[in-house]
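Visitor:
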Amino acid sequence: MPRKKWHLPERQATDEDVYLNRRKFIRQAGLGSIALLGGCIPEKLLNPQQLVDPAKFLNPQVAEPTASPETAEPTPPSEWYPAPVNEAFATLDRPLTDERVAALYNNFYEFSTTKEVWRFIDNFEPRPWTVEISGLVQQPKTYDIDDLIGLMELEERLYRHRCVEAWSMAIPWTGFPMRALVDLVQPLSSARYVRMTSFFNPTVAPGQWDRSDYPWPYTEGLTMAEATNELTLLATGIYGHELPKQHGAPVRLVTPWKYGFKGIKSITKIEFISEQPATFWNSLVPREYSFLSNVEPEVPHPRWSQATEGFITTDPFNPERRPTLLYNGYAEYVAHLYG
Ligand code: MTE
150 MPRKKWHLPE RQATDEDVYL NRRKFIRQAG LGSIALLGGC IPEKLLNPQQ
200 LVDPAKFLNP QVAEPTASPE TAEPTPPSEW YPAPVNEAFA TLDRPLTDER
250 VAALYNNFYE FSTTKEVWRF IDNFEPRPWT VEISGLVQQP KTYDIDDLIG
300 LMELEERLYR HRCVEAWSMA IPWTGFPMRA LVDLVQPLSS ARYVRMTSFF
350 NPTVAPGQWD RSDYPWPYTE GLTMAEATNE LTLLATGIYG HELPKQHGAP
400 VRLVTPWKYG FKGIKSITKI EFISEQPATF WNSLVPREYS FLSNVEPEVP
450 HPRWSQATEG FITTDPFNPE RRPTLLYNGY AEYVAHLYG
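Offset between the sequence shown (1-based) and this note's numbering: plus 149.
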């Protein structure tokens with residue numbers, strides 16, 4: 150399998166120029182921490198002592214080896230990445246976002262309300278990890294994440310990624326269609342929605358104790374038609390390797406026609422249910438974050454326009470202004486779902 154151009158070789162991860170540029174970026178990133186979802190949460194650096202070098206979060210496969218096999222954390226088989234590219238999603242109308250920028254500019258409120266999630270994520274261990282499949286299904290089961298991935302065919306897809314905050318990126322995800330999981334577990338005909346739940350562990354996630362008034366754990370939901378749509382991906386990798394922690398390791402949802410907050414990270418439970426589930430942002434601020442939250446340029450957020458977006462390639466503070474596309478450019482796949 151040819152190496153992708155975004156693949157980060159180990160020697161490059163320690164290259165001095167790259168490192169120095171990264172430090173410069175990190176300094177700049179500190180200035181940008183006020184771009185919060187909804188803009189309603191004050192900037193707060195939760196625990197500056199946890200400052201760590203982001204290099205080790207870019208590609209978990211280049212992490213230092215652990216001392217002994219007994220204490221070693223389980224790691225996914227290295228032959229899973231990079232996965233074959235799905236030709237239907239091999240190109241985009243815009244350049245890819247730089248991998249380092251994507252890895253240093255994240256939303257993951259369990260760890261921080263700033264974009265510098267990587268600073269706060271050192272104690273989070275995404276393996277071993279289980280995903281419970283339950284509710285209205287014929288085959289309920291709790292899977293070890295790597296056993297589950299082993300049952301699936303991984304593929305790579307380039308998708309547009311549009312945050313409700315009006316910034317966007319272009320990301321190569323690796324994962325498997327949610328439809329393949331649905332085929333495996335066989336929901337009952339009474340299942341009309343899927344509810345996904347993220348982890349709850351305030352001892353490793355400072356945002357969960359700092360913001361104890363939030364409706365943790367983070368939850369999201371889709372209709373069955375959305376969950377089984379061709380676009381809907383359960384992502385386990387990015388840029389040709391497994392997901393780094395700040396992108397939602399070990400498994401997260403990707404629904405590219407919806408605002409990014411629908412893409413729940415670090416999923417622990419997938420339930421098939423009959424009623425529309427309560428979801429994290431919709432419960433917190435229902436007027437601003439609807440259950441569907443499709444990307445629609447003509448529907449402004451109550452506090453800002455969604456007609457354009459700032460597309461980030463290499464510099465989050467100097468994005469390219471572009472018109473927002475209906476359903477983020479995926480109308481041919483999803484417009485029929487919404488009449
Ligand atoms: N999932 C969880 N569990 N917690 C979060 O705070 N943030 C969401 C989404 N998934 C979030 C989450 C938001 S607002 C966005 S825009 C995307 O993740 C960001 O994904 P990225 O950081 O990989 O770009």
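All C-beta atoms in this analysis are idealised placements derived from N, C-alpha and C, irrespective of residue type, glycine included.
Computed from a predicted structure; not experimentally measured.
Could you spell out the range, first to last residue, of the alpha helix (DSSP H) harbouring F325?
Guide: Per DSSP, F325 belongs to no alpha helix (DSSP H); it is in the beta strand (DSSP E), 316-326.
Visitor: When every heavy atom of the ligand MTE is checked, does at least one fall within less than 8 Å of the C-beta of R401?
Guide: Indeed, a heavy atom of the ligand MTE lies less than 8 Å from the Cβ.
Visitor: According to DSSP, which residues form a beta bridge with E458?
Guide: Looking at the DSSP assignment, E458 forms a beta bridge with R471.
Visitor: With distances taken from CA atoms, which of A354, Y258, S361, Y367 is nearest R344?
Guide: Closest option to R344, Cα to Cα, is Y367.
Visitor: Do you know how far the Cα of V234 is from the Cα of E379?
Guide: Each residue's alpha carbon lies about 15 Å from the other.
Visitor: In the DSSP assignment, find the alpha helix (DSSP H) that holds R249 and state where it starts and stops.
Guide: Run containing R249: 248-253, per the alpha helix (DSSP H) assignment.
Visitor: Along the beta strand (DSSP E) that carries D362, what are the first and last residues, could you check?
Guide: Careful: D362 lies outside any beta strand (DSSP E) and carries neither H nor E.
Visitor: Would you kindly work out how many angstroms separate the C-alpha atoms of Y476 and P393, rounded to a whole number?
Guide: Y476 and P393: Cα-Cα distance of roughly 27 Å.
Visitor: Spatial neighbours of K173 within its chain, please: C-beta separation below 6 Å, excluding the five flanking residues on both sides.
Guide: With a pLDDT of 38 at K173, under the threshold of 50, the modelled position of this residue cannot be trusted; read the value that follows with caution. Here the set comprises nothing.
Visitor: Assuming contact is defined by CB atoms lying nearer than 9 Å, are S439 and A340 in contact in what I supplied?
Guide: Their beta carbons are not under 9 Å apart, which means S439 does not touch A340 by this criterion.
Visitor: Exposed or buried, which one is F466 when buried takes at least 16 other CB atoms within 10 Å?
Guide: Counting Cβ neighbours within 10 Å, F466 comes out exposed, since fewer than 16 surround it.
Visitor: Determine the burial state of W430: buried for a count of at least 16 other Cβ atoms within 10 Å of its Cβ, exposed for fewer.
Guide: Buried: at least 16 other Cβ atoms inside 10 Å.
Visitor: Confirm the yes/no value for this check: CB of K414, any heavy atom of the ligand MTE, distance under 8 Å.
Guide: It does: the Cβ of K414 is within 8 Å (strictly closer) of some heavy atom of the ligand MTE.
Visitor: Just to confirm, is the Cβ distance from L402 to I416 under 9 Å?
Guide: Their beta carbons are under 9 Å apart, which means L402 touches I416 by this criterion.
Visitor: Let me check one thing: in DSSP terms, what residues is D293 bridge-paired to?
Guide: According to DSSP, which records beta bridges pairwise, D293 is partnered with T279.
Visitor: Any idea if F206 is buried or exposed, counting beta-carbon neighbours within 10 angstroms, 16 or more meaning buried?
Guide: Any reading at F206 must be qualified, since the residue scores a pLDDT of 46, below 50, and its modelled position is unreliable; the value itself is stated next. That one is buried.
Visitor: Run the CB neighbour count on S227, radius 10 Å, all protein chains shown included, and call it buried at 16 or more, exposed below.
Guide: So S227 ends up on the exposed side.
Visitor: Determine the closest residue to L371 out of G386, D359, S442, with distance taken between C-alpha atoms.
Guide: Closest by alpha carbon: S442.
Visitor: Look up W406 in the DSSP assignment and say whether it is helix, strand or coil.
Guide: Residue state, collapsed to three classes: coil.
Visitor: Residue range of the beta strand (DSSP E) that F429 falls in?
Guide: That residue, F429, is in no beta strand (DSSP E); its alpha helix (DSSP H) goes 429-433.
Visitor: Tell me which same chain residues have a C-beta within less than 7 Å of the C-beta of T463, skipping the five on either side of it?
Guide: Same-chain partners within the cutoff: D247, V250.
Visitor: What is the DSSP secondary structure of A376, reduced to helix, strand or coil?
Guide: A376: helix per DSSP, three-state reduction.
Visitor: Note the first and the last residue of the continuous alpha helix (DSSP H) segment covering V483.
Guide: Here the alpha helix (DSSP H) through V483 covers 480-483.
Visitor: Going by other Cβ atoms of all chains shown within 10 Å of its Cβ, with 16 needed for buried, is P435 buried or exposed?
Guide: Exposed, because fewer than 16 other Cβ atoms sit within 10 Å of the Cβ of P435.
Visitor: Please list, in chain order, all residues of the same chain as P218 whose beta carbon is under 7 Å from its beta carbon, the five residues on each side excluded.
Guide: Low local confidence applies: a pLDDT of 39 at P218 is under 50, so the model's placement there is unreliable, and no value is given.
Visitor: According to the neighbour-count rule (16 or more other Cβ atoms, all chains shown, within 10 Å of its Cβ), is T263 buried or exposed?
Guide: Label assigned to T263: buried.
Visitor: Closer than 8 Å by C-beta to Y258: which residues in its own chain qualify, once you throw out the five before and the five after it? Chain order, please.
Guide: L186, G356, R360, Y363, Y367, listed in sequence order.
Visitor: Taking 8 Å as the cut-off, does the CB of N255 come closer than this to any heavy atom belonging to the ligand MTE?
Guide: Yes.
Visitor: Going by C-alpha distance, which of T385, Q288, W316, S454 is nearest F325?
Guide: Per the Cα distances, T385.
Visitor: Just to confirm my understanding: we take Y408, look at its own chain, exclude 5 residues before and 5 after, and list those with CB closer than 7 Å. What are they?
Guide: Counting only Cβ-Cβ distances below 7 Å, and skipping sequence neighbours, we find R311, C312, V313, S442, V444.
Visitor: Looking at the structure shown, is Q161 part of a helix, part of a strand, or coil, going by DSSP?
Guide: The pLDDT assigned to Q161 is 37, lower than 50, so where the model puts this residue is not dependable, and the model offers no usable value.
Visitor: Got a sec: does the ligand MTE put a non-hydrogen atom nearer than 8 Å to the Cβ of S439?
Guide: No, the beta carbon of S439 sits no closer than 8 Å to any heavy atom of the ligand MTE.
Visitor: When you measure from the CB of F273 to every non-hydrogen atom of the ligand MTE, does any distance come out below 8 Å?
Guide: Every heavy atom of the ligand MTE is 8 Å or more from the Cβ of F273, so no.
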